[in-house]
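Below you'll find the structure, written out as structure tokens, and then a few comments.
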Amino acid sequence: MSNRTPLLAGNWKMYKTTPEAVETAQRLVELVADSAGVDIMIAPVFTALDPVSRVVRNSRVALGAQNLYWEKEGAYTGEISADMLVSAGCQYVIIGHSERRQYFGETDETVNKKISAAITANLIPVFCIGETESERESGNTFSVLDKQVKDGLEGKVVDDLGSLVIAYEPVWAIGTGKTATSDQAQEAHKYIRSLIEGLFGTTLAESVRILYGGSVKPANVSELMAMPDIDGALVGGASLDADSFSKIVKFK
Ligand code: 13P
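Listed below in structure tokens is the structure:
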């Protein structure tokens, strides 16, 4: 068993109005009040961050955002900075989700800048990587992960990355009901950990948490979490319902 604390994170994507988000957060806080030994995070939409932060304060649940912009402030209509997220109560921020890469033009270079901005503001970056179905089928999974990790973390030094969380989310498993098998996920996680070891050394490789994301459900979480290099889950659909997400939190 590693001594990495499991992190179960809910990415609520573009779901829930503010009252809906507050209600789900309230229910979740009650359901997981007795869950020791795990870290729990939910990432609602920006407009719900501040109200949800009031609900989760002094609870087992931490707050995350789904994106940020790397500048501190300025004429960047529609964007939001790391300090603004902190002031809304966030401790975590998801960076480089495949939906942002696919629909909003995020690249390894913009992801790199966003990770730096998060670290500077003391936000925990949840750095998302993962291959598409065609990349896997053409045998390029490892080379894709290699490039995403190297370019996303280029210029960082080990002291910057103490809080780093990586989320391996194979694009073909997101929202499709197709989960990677626990062996497929373990193989990718082990490879990602070896990349971190090569770039930043053994201590960081052993402490960095690598989450799996892609159709995680109460029914498959235990099997995934039994793998030695899977340290948690980044959950989309099954995190929207407090009962289902609390079952994922209580995977043991
Ligand atoms: P699903 O759990 O809905 O497949 O989404 C995974 C995901 O993208 C989490 O960030």
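All residue numbers for the sequence shown refer to this note's numbering, where the first residue is 29 and numbers rise by one. For each residue, glycine too, the CB sits at the ideal point set by N, CA and C. From a predicted model like this one, the values you see are computed outputs, not experimental measurements.
Original post:
Does the beta-carbon of Gly-203 have 16 or more other beta-carbons within 10 angstroms, so that it is buried, or is it exposed?
Top reply: On the sequence shown, position 175 is the one that residue 203 refers to. Gly-203 comes out exposed.
Original post:
Between which two residues does the alpha helix (DSSP H) harbouring Ala-146 extend?
Top reply: Taking the sequence shown and counting its residues from 1, one reaches residue 146 at position 118. Counting along the chain, the alpha helix (DSSP H) containing Ala-146 begins and ends at 136–148.
Subject >> Inter-residue CB distance, Gly-229 and Val-185 (contact presumed, cutoff 8 Å) >> reply: Mapped onto the sequence shown, residue 229 falls at position 201. Mapped onto the sequence shown, residue 185 falls at position 157. About 11 Å; that fails the 8 Å criterion.
Original post:
In its own chain, which residues sit with a C-beta less than 8 Å from the C-beta of Arg-281, not counting the 5 before and 5 after it?
Top reply: The shown model of the chain, from 29 to 280, leaves out residue 281, and the question about it has no answer.
Subject >> Where Gln-176 falls, given that 16 or more other Cβ within 10 Å makes a residue buried >> reply: Position 148 of the sequence shown holds residue 176. By the 16-neighbour rule on beta-carbons within 10 angstroms, Gln-176 is buried.
**OP:** Could you check how far apart the C-beta atoms of Ala-145 and Ala-110 are, in whole angstroms? I think they sit under 8 Å.
**Re:** For this step, residue 145 is matched to residue 117 along the sequence shown. For this step, residue 110 is matched to residue 82 along the sequence shown. At roughly 5 Å, the Cβ-Cβ gap stays under 8 Å, so Ala-145 and Ala-110 are in contact.
**OP:** With DSSP as the reference, please indicate the residues paired to Tyr-240 in a beta bridge.
**Re:** Your numbering for residue 240 matches position 212 in the sequence shown. Paired residues: Tyr-196, Ala-261.
Original post:
Cβ of His-125 versus every heavy atom of the ligand 13P: is any distance shorter than 8 Å?
Top reply: Here residue 125 corresponds to residue number 97 of the sequence shown, with the count starting at 1. Answer for His-125: yes, Cβ within range of the ligand 13P.
Subject >> Simplified DSSP state of Lys-170, which is helix, strand or coil >> reply: The sequence position of residue 170 within the sequence shown is 142, counting from 1. According to the sequence provided, residue 170 is Phe. The question's Lys does not apply to it. The three-state reading of DSSP puts Phe-170 in helix, counting H, G and I together.
Original post:
Can you check whether the CB of Leu-36 is closer than 9 Å to the CB of Asp-78?
Top reply: For this step, residue 78 is matched to residue 50 along the sequence shown. For this step, residue 36 is matched to residue 8 along the sequence shown. No, they are not a contact pair.
**OP:** Assign Ala-266 to one of three DSSP states: helix, strand, or coil.
**Re:** In the sequence shown, counting from the first residue as 1, residue 266 sits at position 238. The three-state secondary structure of Ala-266, taken from DSSP, is helix.
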